[in-house]
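A.B. asks: Residues 4 to 419 (our numbering) are what the sequence shown spells out, left to right.
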Amino acid sequence: MAAPGENLRINGDRLWDSLMEMAKIGPGVAGGNNRQTLTDADAEGRALFKAWCDAAGLSMGVDRMGTMFMTRPGADPDALPVYVGSHLDTQPTGGKYDGVLGVLGALEAVRSMNDLGIKTKHPICVVNWANEEGARFAPAMLASGVFAGVHTLDYAYGRKDLDGLTYGGELERIGWKGEEEVGARKMHAYYELHIEQGPILEAEGKDIGVVTHCQGLWWLEFTLTGREAHTGSTPMAMRVNAGLAMARILEMVQDVAMAAQPGAVGGVGQMQFSPNSRNVLPGTVVFTVDIRSPDQDKLDGMRAEIEKRAAAICDEIGVGCAVEAVGHFDPVTFAPELVENVRKSAEKLGYSHMNLISGAGHDACWAAKVAPATMVMCPCVGGLSHNEAEEISREWAAAGTDVLFHAVLETAEIVE
Ligand code: HGY
Ligand code: MN
Ligand code: MN
């Protein structure tokens, strides 16, 4: 059997076939996926993933948040496992690779260990984190957040979707509420393969992102209270227009983010008008501002500036303004020794690479609170993600998984 130093590779065709098979579950309307967390489609995807893991000889554990842990035994039963994973849930108009590449890439690494008869000292545990996206139940990375002790189980179970359904109720309904206490598992290390979801690697012509950090995030949910009134017969001077206040706040968020360049972003992806009738001025407008930066001071400075200026905008119009932080994590520094393993694996395998700060949040950000953690990234076409047109090449998928495979083996320690 060749030692990993002799450039063992994973089976790229098998990986790609698995990605395409999973993509058939919860199809979108434009070639991507709508496999939102705790939906029937999610349950179907979980079942397919479990069947593949059964075939690979992995034993399953599920915790009370519904996260799936699929373990390949190690030679030393007392050694803590090396965890490798990501998420199978998608955005409503998500791509085929966001999260999925990390889960199925981890599975492919294990399948390749089986094919090659590789034994490791540490067990390997492939993870499908529940509700990474936070699209249906905010905040993002909810299950890994409970695992890391950032959120309580009760808080998570009580999170509601736009139809008022709770996380706990939906987890029960799809039959994936496990028995394991969340966070009881201890990790030797955690690796996550993910598409970049940004334009840098493709633009620089690099195969691999050696992820050193992840930028921090605030999700600020604003509830603006105006007065419902007729859009036709209410004179302009009499209006208490929450929609106008929202528009001015969105413009202000853009200005604050632009003023914090380089290395800051800000915008809004979700809003609800109530009663949301064409000829009624909104009584309430609810929307979430998403701001991010790798720089802690910039991140917190933007939050303070936005909240201050939003209050002034609402005062001027006479609209009520309430804000709640519904998502947050500080900028993350990943474990240098694992980052070096990723870099060395890319070099050994002959893949071009560069250091990268992750623009998107990932379960690795919370895993890093409880264990040494890092990420491997591959390019995506045009940097596009959270869009059904998200695309990667087979070569990028294989290269990222090859590097993941070797970095994991370095940490899990091969034994004869
Ligand atoms: O929001 C994020 O960065 C991730 O896609 N959940
Ligand atoms: Mn993701
Ligand atoms: Mn995502």
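Cβ coordinates follow ideal geometry from the N, Cα and C atoms, glycine included.
It should be emphasised that the depicted structure is a prediction, and the values quoted were computed from it without experimental measurement.
I need the straight-line Cα distance from Leu-83 to Glu-111, nearest angstrom please.
C.D. replies: About 21 angstroms.
A.B. asks: Whose C-beta lies closer than 6 angstroms to the C-beta of Arg-230 among residues of the same chain, with five residues either side of it excluded?
C.D. replies: Around Arg-230: Val-243.
A.B. asks: By the DSSP assignment, the alpha helix (DSSP H) with Trp-55 in it spans what residues?
C.D. replies: First-last of the alpha helix (DSSP H) with Trp-55: 43-58.
A.B. asks: Return the residue from the list Phe-140, Gly-269, His-125, Ser-115 that minimises the CA-CA distance to Thr-42.
C.D. replies: Nearest option by C-alpha distance: Phe-140.
A.B. asks: Tell me which same chain residues have a C-beta within less than 6 angstroms of the C-beta of Pro-7, skipping the five on either side of it?
C.D. replies: Bear in mind that the predicted position of Pro-7 carries a pLDDT of just 48, short of 50, making it unreliable; the figure below should be weighed with that in mind. Within the same chain, Pro-7 has close Cβ partners His-409, Leu-412.
A.B. asks: DSSP state of Phe-225, grouped into three classes?
C.D. replies: The answer is strand: DSSP assigns Phe-225 an E or B state.
A.B. asks: Using DSSP with H/G/I as helix, E/B as strand and the rest coil, what is Leu-302?
C.D. replies: Three-state DSSP puts Leu-302 in a helix.
A.B. asks: For ligand 2, which residues have a Cβ under 5 angstroms from at least one heavy atom, in chain order?
C.D. replies: That gives Asp-101, Gly-102.
A.B. asks: Please name the residue or residues paired with Val-335 in a DSSP beta bridge.
C.D. replies: Looking at the DSSP assignment, Val-335 forms a beta bridge with Cys-217.
A.B. asks: For ligand 3, I want to know if Gln-94 counts as a neighbour, meaning its beta carbon is within less than 7 angstroms of at least one of the ligand's heavy atoms.
C.D. replies: Flag set: Cβ of Gln-94 near ligand 3.
A.B. asks: I'd like to know whether the C-beta atoms of Ile-432 and Pro-265 end up nearer to each other than 8 angstroms.
C.D. replies: No answer is possible for residue 432: the residues shown for the chain start at 4 and end at 419.
A.B. asks: Can you find a CB in chain B that lies within less than 8 angstroms of the CB of Gln-299?
C.D. replies: Among the protein chains of the structure shown there is no chain B, as only one such chain exists.
A.B. asks: Using three-state DSSP, classify Gly-178 as helix, strand or coil.
C.D. replies: Note: Gly-178 maps to coil in three-state DSSP.
A.B. asks: Return the chain-ordered ranges of every beta strand (DSSP E) run that is complete within the segment 275-300 and spans a minimum of 3 residues.
C.D. replies: Listed in chain order, they are 287-296.
A.B. asks: Terminal residues of the continuous alpha helix (DSSP H) containing Asn-117?
C.D. replies: 103-119 is the extent of the alpha helix (DSSP H) around Asn-117.
A.B. asks: Less than 7 angstroms separating the Cβ of Glu-136 from some heavy atom of ligand 1?
C.D. replies: Result yes, Cβ under 7 angstroms from ligand 1.
A.B. asks: For Ile-294, which residues of its own chain have a beta-carbon under 6 angstroms away from its beta-carbon, when the five flanking residues on both sides are left out?
C.D. replies: Only Trp-221, Gly-269, Met-305 meet the Cβ criterion.
A.B. asks: Once the 5 residues before and after Pro-334 are set aside, which same chain residues still bring their CB inside 8 angstroms of it?
C.D. replies: His-216, Cys-217, Gln-218, Gly-219, Ser-296, Pro-297, Asp-298, Gln-299, Leu-302, listed in sequence order.
A.B. asks: Please list, in chain order, all residues of the same chain as Thr-404 whose beta carbon is under 7 angstroms from its beta carbon, the five residues on each side excluded.
C.D. replies: Around Thr-404: Ile-13, Leu-18, Gly-108, Glu-111, Ala-112, Leu-196.
A.B. asks: Look up Tyr-454 in the DSSP assignment and say whether it is helix, strand or coil.
C.D. replies: Any property of residue 454 remains undetermined from this structure, which presents the chain solely from 4 to 419.
A.B. asks: Can you look up Tyr-354 in the DSSP assignment and give me helix, strand or coil?
C.D. replies: Reduced to three states, the DSSP call for Tyr-354 is coil.
A.B. asks: With distances taken from CA atoms, which of Ala-59, Gly-186, Met-144, Trp-179 is nearest Val-129?
C.D. replies: The candidate whose alpha carbon is nearest that of Val-129 is Ala-59.
A.B. asks: Measuring alpha carbon to alpha carbon, tell me which residue in Arg-251, His-389, Arg-114, Ile-121 is nearest Glu-319.
C.D. replies: The candidate whose alpha carbon is nearest that of Glu-319 is Arg-251.
A.B. asks: If you run the structure through DSSP and keep just helix, strand and coil, what is Arg-397?
C.D. replies: Here Arg-397 sits in helix by DSSP.
A.B. asks: I'd like to know whether the C-beta atoms of Tyr-170 and Ala-367 end up nearer to each other than 8 angstroms.
C.D. replies: No; because the gap between Cβ atoms is not below 8 angstroms, this pair is not in contact.
A.B. asks: Let me know the secondary structure DSSP gives His-233 once reduced to three states.
C.D. replies: Three-state result, His-233: strand.
A.B. asks: Determine the burial state of Lys-27: buried for a count of at least 16 other Cβ atoms within 10 Å of its Cβ, exposed for fewer.
C.D. replies: Result: exposed.
A.B. asks: For Gly-269, list the residues DSSP reports as bridge partners.
C.D. replies: Answer by DSSP bridge pairing, in chain order: Ile-294.
A.B. asks: For Pro-382, count neighbouring C-beta atoms within 10 Å of its own C-beta (all shown protein chains included) and say buried if the count is 16 or more, exposed if not.
C.D. replies: By the neighbour-count rule (16 or more Cβ atoms within 10 Å), Pro-382 is buried.
A.B. asks: Taking only the alpha-carbon atoms, compute the straight-line gap between Gly-29 and Gln-200 and give it to the nearest angstrom.
C.D. replies: Rounded to whole angstroms, Gly-29 to Gln-200 spans 21 angstroms at the Cα level.
A.B. asks: Run through DSSP, which three-state label would Pro-7 get?
C.D. replies: Residue placement at Pro-7 is flagged as unreliable, the pLDDT there being 48, under the threshold of 50; the coordinate-derived value follows with that caveat. Of the three classes helix, strand and coil, the one that applies to Pro-7 here is helix, per DSSP.
A.B. asks: Looking only at its chain, what residues have a beta carbon closer than 6 angstroms to the beta carbon of Glu-350, apart from the 5 residues adjacent to it on each side?
C.D. replies: The answer is none, since no qualifying residue turns up.
A.B. asks: Quick one: what's His-197 bridged to in DSSP?
C.D. replies: DSSP output for His-197 lists Met-380 as bridge partner(s).
A.B. asks: With DSSP collapsed to three states, give me the class of Gly-323.
C.D. replies: It is a strand residue.
A.B. asks: Is any heavy atom in ligand 5 found nearer than 7 angstroms to the beta carbon of Ala-363?
C.D. replies: Ligand 5 is not among the ligands present in this structure, which contains only ligand 1, ligand 2 and ligand 3.
A.B. asks: Excluding the 5 residues preceding and the 5 following Ala-33 in the sequence, name in chain order all residues of the same chain whose CB lies nearer than 6 angstroms to its CB.
C.D. replies: Once the five neighbours on either side are set aside, the close Cβ partners of Ala-33 are Glu-391.
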